[in-house]
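J.: Below you'll find the structure I mean.
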Amino acid sequence: MVGLLTPVSWIYGIVVGVRNWMFEQKILKSVEYDIPVIGVGNLTVGGTGKTPHVEYIVSHLMLDHNVAVLSRGYKRKTKGFVLANAKSTPATIGDEPYQIYQKFHGKVRVAACESRRKGIEELLKLYPELQVIVLDDSFQHRWVKPKLSILLTDYSRPFYEDKLLPLGRLRESPMQVNRADMVIVTKCPQDSQPLTYRLASKELDLMAFQKLFFSRYEYGQLKPVFIDDALYTVRLTDLTAKDSVMLLTGIANPRYIVKYFRGYPFKVKVDHYPDHHDFTKRDIQDIHKKFQEMPGERKIIVTTEKDAVRLMHNPYFPKDLKPFTFYLPIEVRMVRGVDDHDLIEEIKNHIRNKG
C-alpha cells in the first residue's frame with residue numbers, strides 16, 4: 110500500500126508546492142487588512158487542538174478588544190457568509206463555530222465563510238468597530254495575509270515526523286513552518302520535564318524571529334449534554350472499578366483524552382468515529398445497544414465538547430440515554446518551555462504594532 114501511495118504523495122506535494130511558490134512570487138496575491146488578523150492553523154489534517162486554542166486566545170483578547178472569529182464552518186449545510194446567532198445550529202454554522210459562539214454567549218462575533226477574504230469584508234461591513242479578527246484553521250488559506258500567524262503541532266505527532274497526504278497527515282511540506290510567527294506544541298503531557306521542551310525546540314529548529322510555546326489540556330468537571338433531561342451530577346472521581354464509561358468521540362485524534370480516561374479505575378469503552386462525524390440514525394442505534402450491553406453498577410456516556418454540540422441537535426438520540434450523557438470541558442493551559450515568553454502578551458504586542 111505504501112508503494113502505491115508514494116507517487117500520489119509526490120504529486121500532491123508538487124501541486125501544493127507550486128501553489129505556495131505562486132503566492133511567494135506574488136503571481137497569486139494575498140490581501141492584508143488594516144485590522145489585525147490572527148491566523149491559527151496547522152500543517153496536518155486536524156488533531157492539533159485548533160478550536161480550544163482559538164477559544165483560549167479569544168477569552169483573553171475579548172477583555173480589552175472587540176473580537177470576531179471567522180471559520181470555514183467545515184461540514185455545515187449552508188454556503189457563503191453566515192453569521193452565528195441564537196437560531197444557529199452546527200448544521201448552519203459548523204460544529205466548531207457553534208461551540209465557540211455558545212461558549213462566549215454572543216460576546217464575540219462568530220461567522221463562517223469558505224472565503225476568508227469575503228468573510229472578513231462582510232464582518233467589517235456589519236461591525237466596523239471590530240478591533241481583531243481571529244481566523245480558525247487558516248494556515249493553508251493564503252488569500253489572506255494575517256498580521257500574526259500561529260501554527261499548532263501535536264506533541265504526540267509533530268509535523269516534522271509526519272508525511273504528506275495520503276502517506277501521512279501533512280497538508281503541505283514541513284518547510285512551510287517558516288511562514289509562522291509563532292509555533293505552539295500542543296497536548297503536552299502533564300509530567301513533561303524541561304529537557305523535553307529543549308529537545309522539541311531543537312527538533313523544530315525555528316527561525317530566530319519565531320516564538321515557540323507549549324500547551325497542555327486541563328479537563329473540567331463533567332457537564333450534562335442535555336440540560337433539561339439531567340437527573341444528577343457525577344464526577345469522574347466518584348466512579349469506581351465497578352462502574353463503566355463509554356467514551357464517545359468524533360475528533361481527529363482521541364489519543365490524549367483516551368490516555369486521560371485510562372488513568373481512572375472504572376472500565377472504559379472507547380467508541381470512536383471520524384472527525385466532525387455526523388451521527389446517523391444507525392450510529393445512534395449502535396451506541397444505544399453498546400451502552401445497554403456495558404457492565405457496571407453505574408454507566409454513563411462521556412463525549413467531547415465538539416461532539417456534544419452535534420449530539421444535542423441530533424434528532425435520533427434516544428430520550429432514555431440523555432440523563433446519562435455528559436461532556437468533558439477542556440481548557441488550554443500554557444506551560445513553561447525553553448523561554449519565558451507569554452503567549453497573550455506576544456499576541457497583544459503584534460496587535461499594537463500595526464505597522
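Here the sequence shown is numbered in our numbering, starting from 110 and rising by one per residue.
Just so it is clear, CB atoms sit at the ideal spot from N, CA and C, and this is done for glycine as well.
Computed from a predicted structure; not experimentally measured.
(1) Compute the Euclidean distance between the alpha carbons of E205 and V117, then round it to the nearest angstrom.
(2) Identify whether I336 lies in helix, strand or coil by the three-state DSSP scheme.
(3) Name the two residues that bound the continuous alpha helix (DSSP H) containing S168.
(4) Restricting to Cα atoms, I'd like to know which of D263, V191, K196 and G215 is closest to A228.
(5) Does the separation of the CB atoms of K378 and S353 fall below 8 Å?
(6) I'd like the list of long-range same chain contacts for F322, defined as Cβ closer than 8 Å, with 5 residues on each side in sequence excluded.
(7) Tell me the DSSP secondary structure of S324 in three-state form.
(8) Under the three-state reduction of DSSP, which class applies to D347: helix, strand or coil?
(9) Starting from the C-beta of F335, find all residues in its chain whose C-beta is less than 7 Å away, skip the five residues before and the five after it, and write them out in chain order.
(10) Would you call the CB atoms of K234 and E141 closer than 8 Å?
(11) Could you give the distance in angstroms between the alpha-carbon of G464 and the alpha-carbon of N151?
(12) Between I166 and V243, how many whole angstroms is the CB-CB distance? I'm expecting something under 8 Å.
(13) Can you name the residues that DSSP bridges to M443?
(14) Which residue's Cα is closest to the Cα of L257: T349, M284 and P145?
(15) Please work out which residues of its chain come closer than 7 Å, Cβ to Cβ, to D263, disregarding the five sequence neighbours upstream and downstream, and give them in chain order.
(16) When the Cα atoms are used, what is the spatial distance from L170 to R226?
(17) Tell me whether A177 sits in a helix, a strand or coil according to DSSP, three-state version.
(18) Would you please state the rounded distance, in angstroms, between the beta carbons of V286 and D245? I believe it to be under 8 Å.
(19) Can you grab the Cα-Cα spacing for the pair Q249 / S282, in whole Å?
(20) Please state whether the Cβ-Cβ distance between Y369 and Y328 is less than 8 Å.
(21) Go to L399, then tell me how far its alpha helix (DSSP H) extends in each direction, as first and last residue.
(22) For L357, which option in T342, D347, P383 and G277 has the closest C-alpha, if you only look at C-alpha atoms?
(23) Is G464 helix, strand or coil by DSSP?
(24) Using only the alpha-carbon positions, how far apart do R391 and H397 sit?
(25) Using alpha carbons as the reference points, say which of Y207, V127 and I460 lies closest to K184.
(26) Rank T413, D395, P237 and R407 by C-alpha distance to the C-alpha of Y425 and give the top, closest one.
(27) Excluding the five sequence neighbours on either side, which residues of its own chain have a C-beta within less than 6 Å of the C-beta of G182, listed in chain order?
(28) So, under 8 Å CB-CB, P404 and K428 are touching, yes? Tell me the CB distance rounded to an integer number of Å.
(29) Once the 5 residues before and after V176 are set aside, which same chain residues still bring their CB inside 8 Å of it?
(30) Tell me the DSSP secondary structure of A361 in three-state form.
(31) Roughly how many angstroms separate the alpha carbons of T187 and K196, rounded to a whole number?
(32) Just to confirm, is the Cβ distance from K332 to Y436 under 8 Å?
(33) Using the rule of at least 16 other Cβ atoms within 10 Å of the residue's Cβ for burial, across every protein chain shown, is Y306 buried or exposed?
(34) CB T153 to CB R278, shorter than 8 Å?
(35) On the premise that I439 lies in contact with P161, defined as a C-beta separation below 8 Å, what is that separation, rounded to the nearest angstrom?
T.: Reading from the atomic positions:
(1) For the purposes of this step, residue 205 is taken as residue 96 along the sequence shown, with counting starting at 1. For the purposes of this step, residue 117 is taken as residue 8 along the sequence shown, with counting starting at 1. Distance between the alpha carbons of E205 and V117: 31 Å.
(2) Locating residue 336 in the sequence shown gives position 227, where the first residue counts as 1. Three-state DSSP puts I336 in a helix.
(3) Translated into the one-based positions of the sequence shown, residue 168 becomes position 59. Its alpha helix (DSSP H) spans residues K159 to L170.
(4) Here residue 228 is taken as the residue at index 119 of the sequence shown, counted from 1. Checking the sequence shown, residue 228 turns out to be Gly, not Ala. Answer by Cα proximity: V191.
(5) Looking up residue 378 in the sequence shown gives position 269. Looking up residue 353 in the sequence shown gives position 244. Cβ atoms of K378 and S353: closer than 8 Å.
(6) Taking the sequence shown and counting its residues from 1, one reaches residue 322 at position 213. Only M291, V292, I293, V294, M443, G446, H450 and L452 meet the Cβ criterion.
(7) Position 215 of the sequence shown, counted from the start, is the residue given in the question as residue 324. Of the three classes helix, strand and coil, the one that applies to S324 here is strand, per DSSP.
(8) Position 238 of the sequence shown holds residue 347. Three-state result, D347: helix.
(9) By 1-based counting over the sequence shown, the position of residue 335 is 226. Take F335, set aside five residues on each side of it, and the residues of its chain with a beta-carbon closer than 7 Å to its own are M421, K431 and T434, in chain order.
(10) In the sequence shown, residue 234 corresponds to position 125, counting from 1. In the sequence shown, residue 141 corresponds to position 32, counting from 1. The criterion of a C-beta distance shorter than 8 Å is not satisfied by K234 and E141.
(11) Within the sequence shown, the letter at position 355 stands for residue 464. Within the sequence shown, the letter at position 42 stands for residue 151. With a pLDDT of 45 at G464, under the threshold of 50, the modelled position of that residue is not reliable, and no figure is offered here.
(12) Residue mapping note: residue 166 aligns to position 57 of the sequence shown, counting from 1. Residue mapping note: residue 243 aligns to position 134 of the sequence shown, counting from 1. With a Cβ gap of about 6 Å, I166 and V243 count as contacting.
(13) Counting from 1 along the sequence shown, the entry for residue 443 is found at position 334. Answer is S324.
(14) As a first step, residue 257 is located in the sequence shown; it is residue number 148 there, counting from the start. For the residues T349, M284 and P145, the minimum Cα distance to L257 belongs to P145.
(15) Along the sequence shown, read from residue 1 onward, the residue named residue 263 stands at position 154. Cβ within range, chain order: G156, T157, T295, K296 and N362.
(16) On the sequence shown, residue 170 is found 61 positions in, with the first residue counted as 1. On the sequence shown, residue 226 is found 117 positions in, with the first residue counted as 1. Cα to Cα, L170 sits roughly 22 Å from R226.
(17) The residue labelled residue 177 in the question sits at position 68 within the sequence shown. Strand.
(18) Position 177 of the sequence shown, counted from the start, is the residue given in the question as residue 286. Position 136 of the sequence shown, counted from the start, is the residue given in the question as residue 245. Contact annotation, V286 with D245: C-beta distance approximately 19 Å; criterion of less than 8 Å not satisfied.
(19) Working through the sequence shown from its first residue, we reach residue 249 at position 140. Working through the sequence shown from its first residue, we reach residue 282 at position 173. Distance between the alpha carbons of Q249 and S282 is about 11 Å.
(20) Position 260 of the sequence shown holds residue 369. Position 219 of the sequence shown holds residue 328. Their beta carbons are under 8 Å apart, which means Y369 touches Y328 by this criterion.
(21) Indexing the sequence shown from 1 puts residue 399 at position 290. It is Lys, not Leu, that sits at residue 399 in the sequence shown. Element bounds for K399: K390 to E402.
(22) Along the sequence shown, one-based indexing puts residue 357 at 248. For the residues T342, D347, P383 and G277, the minimum Cα distance to L357 belongs to P383.
(23) Your numbering for residue 464 matches position 355 in the sequence shown. Residue placement at G464 is poorly supported in this model, since its pLDDT is 45, which falls under 50; the coordinates still yield a value, given next. In the structure shown, G464 sits in coil (DSSP, three-state: anything other than H, G, I, E or B).
(24) In the sequence shown, the residue the question calls residue 391 occupies position 282. In the sequence shown, the residue the question calls residue 397 occupies position 288. Rounded to whole angstroms, the separation of the alpha carbons of H397 and R391 is 10 Å.
(25) Translated into the one-based positions of the sequence shown, residue 184 becomes position 75. Checking every option, the nearest Cα to that of K184 belongs to Y207.
(26) Position 316 of the sequence shown, counted from the first residue, corresponds to residue 425. Of the candidates T413, D395, P237 and R407, the one whose C-alpha sits nearest the C-alpha of Y425 is D395.
(27) What you label residue 182 is simply residue 73 of the sequence shown in a count that begins at 1. If you ignore the 5 residues before and after G182, its C-beta comes within less than 6 Å of the C-beta of I202, G203, P206 and A221, all in its own chain and listed in chain order.
(28) Taking the sequence shown and counting its residues from 1, one reaches residue 404 at position 295. Taking the sequence shown and counting its residues from 1, one reaches residue 428 at position 319. So it is not a contact: roughly 23 Å between Cβ atoms.
(29) Looking up residue 176 in the sequence shown gives position 67. These residues qualify, in order along the chain: V167, L170, V217, R218, L239, Q240, V241, I242 and V243.
(30) Here residue 361 is taken as the residue at index 252 of the sequence shown, counted from 1. For A361, the three-state secondary structure derived from DSSP is coil.
(31) Counting from 1 along the sequence shown, the entry for residue 187 is found at position 78. Counting from 1 along the sequence shown, the entry for residue 196 is found at position 87. Approximately 14 Å, taken between the alpha carbons.
(32) By one-based count along the sequence shown, residue 332 stands at place 223. By one-based count along the sequence shown, residue 436 stands at place 327. Taking 8 Å as the Cβ cut-off, K332 and Y436 qualify as a contacting pair.
(33) As a first step, residue 306 must be located in the sequence shown, where it is residue number 197. Looking at its Cβ environment, which holds 16 or more other Cβ atoms inside 10 Å, Y306 is buried.
(34) For the purposes of this step, residue 153 is identified with residue 44 of the sequence shown, where counting begins at 1. For the purposes of this step, residue 278 is identified with residue 169 of the sequence shown, where counting begins at 1. For the 8 Å CB-CB criterion, T153 and R278 form a contact.
(35) Locating residue 161 in the sequence shown gives position 52, counting from the first residue. Locating residue 439 in the sequence shown gives position 330, counting from the first residue. About 6 Å; that satisfies the 8 Å criterion.
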